[in-house]
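So in my numbering, spot 48 of the sequence shown is number 475, and the numbers just go up one at a time.
Ideal Cβ placement from N, Cα and C applies to all residues, glycine included.
Computed from a predicted structure; not experimentally measured.
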Amino acid sequence: SVKNAAVNVPYGGAKGGIRVDPRKLSSGELERLTRRYTSEIGIIIGPNKDIPAPDVNTNAQIMAWMMDTYSMNEGSTATGVVTGKPIALGGSLGRREATGRGVFVVGSEAARNLGIDIKGARIVVQGFGNVGSVAAKLFHDAGAKVIAVQDHKGIVFNGAGLDVDALIQHVDHNGSVAGFKAETLSADDFWALECEFLIPAALEGQITGKNAPHIGAKIVVEGANGPTTPEADDILRERGILVCPDVIANAGGVTVSY
């Protein structure tokens with residue numbers, strides 16, 4: 428893929444998945460679904476064929492079930508069949524945080540090239556899962572202010588900066604930023620917030636021709652895959668907003684996996 432080539436990882440690229448909301452499944456249901464899916468695709472994956480990696484709505488436990496199922500079907504342990512595994516099963520140290528850390532590193536370098544100081548910089552994040560929360564935490568620790576976060580259930584805002592550690596704990600306990608003690612915003616107001624960094628770290632196609640003319644950021648760092656439509660990309664370029672593309676900005680995960 429372009430992403431792997433950009434970071435000199437000698438792999439191609441592919442996608443696969445199941446149309447299901449894992450939040451609506453019990454742990455047992457999710458395990459059975461994962462194991463059956465792995466058995467069905469077993470013929471096309473392998474350490475020397477296609478190596479699945481975690482993405483939206485997956486985690487180290489799911490990757491462990493995939494590795495275990497493939498190994499049982501093959502009759503021998505194959506730790507290299509997936510990435511993103513738990514450390515105890517041969518996973519890489521720092522893999523869970525790698526994509527978000529890559530977003531932070533790329534964003535920091537973009538800011539340096541534009542003469543923007545990270546300290547005091549305003550950060551707006553869409554998506555507060557594995558990528559968005561880690562990136563927000565790293566920017567916060569570097570002295571930036573995370574002023575707004577949007578996820579699938581709500582938007583929270585504080586012009587003086589959100590308490591990122593408290594927000595992470597809130598999401599861990601409640602599954603969403605909704606209900607966190609902060610102001611709320613409409614989606615239109617969220618995209619239009621004046622800030623130094625906008626980090627779309629949710630799903631694809633979030634920045635569109637409709638909201639791109641109102642984006643208030645100086646730099647867009649694409650934490651998700653394909654969050655900006657081609658039409659929106661043209662609009663942002665015309666407006667002088669720097670876009671750090673997904674194939675570079677979120678390549679930290681594949682880099683650490685390799």
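* Asked: From LEU457, LYS546, GLN553, ALA614, pick the residue whose C-alpha is nearest to that of GLY527; which is it?
  -> Working through the sequence shown from its first residue, we reach residue 527 at position 100. The candidate whose alpha carbon is nearest that of GLY527 is GLN553.
* **Contacting residues, own chain, Cβ-Cβ under 6 Å from ALA515 (five flanking each side not counted)** => By one-based count along the sequence shown, residue 515 stands at place 88. There are no such residues.
* To do: Note the first and the last residue of the continuous beta strand (DSSP E) segment covering ILE550.
  => Here residue 550 refers to the residue found at position 123 when the sequence shown is read from its first residue. Per DSSP, ILE550 belongs to the beta strand (DSSP E) from 549-553.
* **Boundaries of the alpha helix (DSSP H) in which ARG584 is found, first to last residue** => Position 157 of the sequence shown holds residue 584. Here residue 584 turns out to be Phe, not Arg, going by the sequence shown. Unbroken run through PHE584 is the beta strand (DSSP E), 582-584; no alpha helix (DSSP H).
* Cβ contact (3+ pairs, closer than 8 Å) linking the region 562-574 and the region 531-549 -> Touching, per the Cβ criterion.
* To do: With DSSP as the reference, label LYS572 as helix, strand or coil.
  => On the sequence shown, position 145 is the one that residue 572 refers to. In the structure shown, LYS572 sits in a strand (DSSP, three-state: E or B).
* **Rounded C-alpha distance that separates LYS451 from ASN484** => On the sequence shown, position 24 is the one that residue 451 refers to. On the sequence shown, position 57 is the one that residue 484 refers to. Taken atom to atom, the span from the alpha-carbon of LYS451 to that of ASN484 is near 12 Å.
* Would you decide whether ALA563 is buried or exposed? Buried here means 16 or more other CB atoms lie within 10 Å of its CB. => Here residue 563 refers to the residue found at position 136 of the sequence shown. ALA563 should be labelled buried.
* To do: Express the C-alpha separation of GLY606 and ILE582 in angstroms, rounding to a whole number.
  => Here residue 582 corresponds to residue number 155 of the sequence shown, with the count starting at 1. Here residue 606 corresponds to residue number 179 of the sequence shown, with the count starting at 1. Rounded to whole angstroms, ILE582 and GLY606 show a C-alpha spacing of 9 Å.
* **Residues near GLY517 by beta carbon distance below 7 Å, same chain, minus five either side** => What you label residue 517 is simply residue 90 of the sequence shown in a count that begins at 1. If we look at GLY517 and ignore the five residues flanking it on each side, its Cβ neighbours are THR506.
* beta strand (DSSP E) containing PRO627: first to last residue? -> Locating residue 627 in the sequence shown gives position 200, where the first residue counts as 1. Run containing PRO627: 622-627, per the beta strand (DSSP E) assignment.
* So, VAL428 versus GLY444, is the Cβ gap smaller than 8 Å? -> Translated into the one-based positions of the sequence shown, residue 428 becomes position 1. Translated into the one-based positions of the sequence shown, residue 444 becomes position 17. The amino acid occupying residue 428 in the given sequence is Ser; Val does not appear at that position. No, Cβ-Cβ distance for SER428 and GLY444 is not below 8 Å.
* To do: Identify every run of the beta strand (DSSP E) within the region 603-666, keeping only runs that are complete inside it and at least 3 residues long; order them along the chain.
  => Qualifying beta strand (DSSP E) stretches, in chain order: 622-627, 644-648.
* Could you tell me the boundaries of the alpha helix (DSSP H) in which LEU460 lies? => Position 33 of the sequence shown holds residue 460. LEU460: member of the alpha helix (DSSP H) spanning 454-468, first to last residue.
* **For ALA628 and THR611, the rounded distance between their alpha carbons** => As a first step, residue 611 is located in the sequence shown; it is residue number 184 there, counting from the start. As a first step, residue 628 is located in the sequence shown; it is residue number 201 there, counting from the start. The straight-line gap from Cα to Cα measures roughly 19 Å.
* **THR682 versus ALA441: straight-line alpha-carbon distance, rounded** => As a first step, residue 682 must be located in the sequence shown, where it is residue number 255. As a first step, residue 441 must be located in the sequence shown, where it is residue number 14. Approximately 16 Å between the Cα atoms of the pair.
* Limits of the beta strand (DSSP E) - the one that VAL670 falls within -> As a position in the sequence shown, residue 670 is number 243, starting the count at 1. That run of the beta strand (DSSP E) goes 669-671.
* To do: Report the option in SER603, PRO640, GLY502 whose CA atom is closest to the CA atom of GLU621.
  => Indexing the sequence shown from 1 puts residue 621 at position 194. Cα-wise, what sits closest to GLU621 is PRO640.
* Would you mind sorting HIS600 into buried or exposed? The rule is 16 or more other CB atoms within 10 Å of its CB. => Here residue 600 corresponds to residue number 173 of the sequence shown, with the count starting at 1. Residue environment analysis places HIS600 among the exposed positions, since fewer than 16 neighbouring C-beta atoms fall within 10 angstroms of its C-beta.
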